[in-house]
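The listed protein sequences correspond, in order, to chains A and B.
Sequential numbering from 1 applies to the first sequence in the numbering used here.
Sequential numbering from 1 applies to the second sequence in the numbering used here.
Idealized CB from N, CA, C, for every residue including glycine.
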Amino acid sequence: MTPFIRLDGLVAPLDRANVDTDAIIPKQFLKSIHRSGFGPNLFDEWRYLDHGEPGMDCARRPLNPEFVLNQPRYQGASILLARENFGCGSSREHAVWALHEYGMRCVIAPSFADIFFTNSFKSGLLPIRLPDAVLDRLFAAVAATPGYRLQVDLPEQTVTTPDGSAFAFEIDPFRKECLLNGWDDIGLTLRHAAAIRAYETQRRQTAPWLFA
Amino acid sequence: MAAKTLYDKLWDAHVVHTDADGTALLYIDRHLVHEVTSPQAFEGLRLAGRAPWRLHSMVAMPDHNTPTDPGFTTIADPVSRVQVETLDANARALDLRYFPIGDVRRGIVHVVGPEQGATLPGMTVVCGDSHTSTHGALGALAFGIGTSEVEHVMATQCLIQKKSKAMLVRVDGQAGPGVTAKDIVLAIIGRIGTAGGTGYALEFGGDAIRALSMEGRMTVCNMAIEAGARAGMVAVDDTTLEYVRGRPFAPQGEVWEQAVAAWRDLHSDADAVFDRIVTLDAATIKPQVTWGTSPEMVAAVDECVPDPARESDPVRREGMERALRYMGLQPNQPISTIRLDRVFIGSCTNSRIEDLRAAAAVIRGRSVAASLKQALVVPGSGLVKQQAEAEGLDRIFTAAGFEWREPGCSMCLAMNADRLLPGEHCAATSNRNFEGRQGQGGRTHLVSPAMAAAAALAGHFVDVRSF
Chain A
1 MTPFIRLDGL VAPLDRANVD TDAIIPKQFL KSIHRSGFGP NLFDEWRYLD
51 HGEPGMDCAR RPLNPEFVLN QPRYQGASIL LARENFGCGS SREHAVWALH
101 EYGMRCVIAP SFADIFFTNS FKSGLLPIRL PDAVLDRLFA AVAATPGYRL
151 QVDLPEQTVT TPDGSAFAFE IDPFRKECLL NGWDDIGLTL RHAAAIRAYE
201 TQRRQTAPWL FA
Chain B
1 MAAKTLYDKL WDAHVVHTDA DGTALLYIDR HLVHEVTSPQ AFEGLRLAGR
51 APWRLHSMVA MPDHNTPTDP GFTTIADPVS RVQVETLDAN ARALDLRYFP
101 IGDVRRGIVH VVGPEQGATL PGMTVVCGDS HTSTHGALGA LAFGIGTSEV
151 EHVMATQCLI QKKSKAMLVR VDGQAGPGVT AKDIVLAIIG RIGTAGGTGY
201 ALEFGGDAIR ALSMEGRMTV CNMAIEAGAR AGMVAVDDTT LEYVRGRPFA
251 PQGEVWEQAV AAWRDLHSDA DAVFDRIVTL DAATIKPQVT WGTSPEMVAA
301 VDECVPDPAR ESDPVRREGM ERALRYMGLQ PNQPISTIRL DRVFIGSCTN
351 SRIEDLRAAA AVIRGRSVAA SLKQALVVPG SGLVKQQAEA EGLDRIFTAA
401 GFEWREPGCS MCLAMNADRL LPGEHCAATS NRNFEGRQGQ GGRTHLVSPA
451 MAAAAALAGH FVDVRSF
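So, in structure tokens, the structure goes:
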């Protein structure tokens, strides 16, 4: 995984609550057996005017000019603002892969669905929870200021606006450490291989039916 | 010893290691695998030169992409076919416990797990699918994971987890006639909202939950995720034990007795403390119908579509307005005036034998409305289908004009050929009414099997209690 340390990024606003993973990456694209190739189909049903299917050349498809990510001022955005319960619904990690491949590195919302939140860290996408009132302010600032950028500092756990206002965010220390170092979870867990084996040995005694 | 919730007991029994900050390594007993979220995990394992930690903890089957056409022999969509063939190949290469196409035990992974006894009380159960919460109905800790975690469980038999908070959802009293598990869980979601359970593990309790069959409890736990909770669970009781007894993967003989003794403790202690308690009175719950694009946008069948103008919160109001535009509905329109194009009875929420019996009981001797384009029944597994056919349910459905299909996820998420066309309204017994979920532009209304059956006959929503 690529480490995440600091980010100075263009901000795009997606002013909706309950953005679900079906919307982030529609089901027809989950048929892929690969881990990449999802970026062009991020928000497919909102982003294009036609119906998307795997294998289509997205560069030739009609864009929906109303959709926020299609507006010229948000091209190259790496920070997405959203409303509550972002990433709800299906467990598809393809949603995170699609956001990351599109270029997003950070999503800022008042709340996230649990599975999406967990999945984000696996691909180096930082989900940041900030209060509703702060989001209101950021949405207003983005709307009023073309080229609006934010600075995200993971070691300091702050989001800083161009006028210097800094908002602190919470992050689990373990997840922070993994992101800063780009650590692979499996490698970390296998350091406890002996403890896992000891647990299994004991469980086989007390609950043998679990190992049938 | 301090009183524990059911969640505490399940959690404590599976902790391998805890870091100083509370991050735990949680041991996983059962890993269910399907074709959509596993290929990248199998590949990751291979690329890293790792072998599965405990091969027989995995039970695999294709369900999302599989056709449901009677007697199908091939998958027409080449992309879907490759995905199913990839699972076939991975299963062969590793010698997995596998129910391929053609095996009567195959079906929707969340129907098959309990049906086979592959998911048992007291287990930790995971699957790369958010509706894994279903298995909590057996008194298990069950939750959905993403593909990186699928690979992590394959490689280590563990997950890195922080303990959630515990919420008790207590449904007191007795549900009235025609009010089912589906109506109860939709009413719960309507109450606490789609993010109400975020950060919590939900335990469903109270007389109305205790009175439910295992199928009903699975329906309730299935939709815990639609309330934002990764896991939902119900305490073990005689209903649970009777359900599990004699299933192919369930213990037998002396080990069964040993297991039952352990499972009897799988309930929250009387004085256990929950972080939040929500109570509902079952007697006040009516048959439910969703009108919007989030499961929390739900009303009783005898009510009207709400008016966004009466919503004070601007973000919520905007969400309601957008939902009504998408759904093609008017504020204050009676739910019973919503006309339907298709009806779908199936999905991991409502495709078990009891669901099919409930729908068939409404349909028996009647016909679907002439205005309907399609009415589908998709059993949850090959064995559910077989049982239903033995009871003659298939003939009740087909005589009424329903199509009787092969098992799979089907029109719940429309990854296979079963889908809505833009603008079509569907009464669905599934779990998500998101935009485009059942097909681009499709308009989904979530209901119980009995309500879907009644709607199919009438061509619009009707109150099954007076039908």
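query, result
"Short-range partners of chain B found in the segment 74-90 of chain A, where Cβ spacing is below 9 Å", "Arg83, Glu84, Asn85, Cys88, Gly89 and Ser90"
"Complete alpha helix (DSSP H) runs within the segment 219-297 of chain B (minimum length 4 residues, chain order)", "238-244 and 253-263"
"Whether Leu96 of chain B touches Ala60 of chain B by CB criterion (7 Å)", "yes"
"Contact between the segment 199-212 of chain B and the segment 114-124 of chain B (3+ Cβ pairs under 8 Å)", "no"
"contact_flag[the segment 14-32 of chain B, the segment 165-182 of chain A] where n(CB pairs < 8 Å) is 3 or more", "yes"
"Bridge partner(s) assigned by DSSP for Met167 of chain B", "B:Leu202 and B:Arg276"
"Same chain, Cβ closer than 7 Å to Pro131 of chain A, five either side skipped, listed in chain order", "Pro110"
"Any non-hydrogen atom of the ligand NAD closer than 6 Å to Gly39 of chain A Cβ", "Looking for the ligand NAD in the displayed structure turns up nothing, as the structure carries no ligands at all."
"Touch test, the segment 279-289 of chain B against the segment 218-227 of chain B, Cβ-Cβ under 8 Å, three pairs minimum", "no"
"N- and C-terminal bounds of the beta strand (DSSP E) containing Leu25 of chain B", "Ala24 to Tyr27"
"Beta strand (DSSP E) segment containing Asp153 of chain A, residue limits", "Arg149 to Asp153"
"Separation of Val368 of chain B from Ala458 of chain B, as counted between CA atoms", "7 Å"
"Candidates A:Pro13, A:Asp44 and A:Ser90: closest to Asp57 of chain A by CA position", "A:Asp44"
"Stretch pair the segment 183-192 of chain B + the segment 146-158 of chain B: three plus CB contacts closer than 8 Å", "no"
"Limits of the alpha helix (DSSP H) - the one that Thr194 of chain B falls within", "Per DSSP, Thr194 of chain B belongs to no alpha helix (DSSP H) and is neither H nor E."
"Minimum Cβ-Cβ distance from Phe42 of chain B to chain A less than 7 Å", "no"
"Cβ-Cβ distance between Arg30 of chain B and Met123 of chain B below 7 Å", "yes"
"Test: Thr86 of chain B CB closer than 7 Å to a CB of chain A", "yes"
"Sheet register partners of His425 of chain B (DSSP bridge)", "B:Arg443"
"Through-space distance from Asp20 of chain A to Ala93 of chain B, alpha-carbon basis", "35 Å"
"Through-space distance from Leu125 of chain A to Trp183 of chain A, alpha-carbon basis", "13 Å"
"Residues that Pro127 of chain A bridges to, as DSSP identifies them", "A:Val107"
"Neighbouring residues, chain B, relative to Thr118 of chain A (Cβ below 8 Å)", "Ile145, Gly146 and Glu149"
"Beta carbon proximity, Trp209 of chain A to chain B, threshold 7 Å", "yes"
"CB contact check: Ser80 of chain B to chain A, cutoff 7 Å", "yes"
"Reduced DSSP secondary structure (H/G/I, E/B, other) of Trp53 of chain B", "coil"
"Unbroken stretches of the beta strand (DSSP E), 3 residues or longer, contained in the segment 162-205 of chain A", "166-168"
"Nonlocal neighbours in the same chain, by C-beta distance under 6 Å from Ala427 of chain B, ignoring five residues either side", "Leu340, Val343, His445, Val447, Ala452 and Ala455"
"Pro308 of chain B beta carbon less than 7 Å from that of Glu296 of chain B", "no"
"Test item: CB-CB of Asp15 of chain A and Gln151 of chain A under 7 Å", "no"
"Inter-residue CB distance, Val273 of chain B and Ala3 of chain B (contact presumed, cutoff 8 Å)", "7 Å"
"Interface partners of Tyr48 of chain A on chain B, CB under 7 Å", "Those do not exist, as Tyr48 of chain A stays about 10 Å from chain B at its closest Cβ, beyond 7 Å."
"Chain-ordered neighbours of Asn65 of chain B on chain A, where CB pairs are closer than 8 Å", "Lys31"
"Pro524 of chain B versus Asp418 of chain B - alpha carbon distance", "Because chain B spans 1 through 467 in this model, residue 524 of chain B falls outside it and cannot be assessed."
"Contacts around Gln386 of chain B, its chain only, beta-carbon distance under 8 Å, and the 5 residues preceding and following it disregarded", "Val104"
"Exposure label - Arg230 of chain B; buried when at least 16 CB within 10 Å", "buried"
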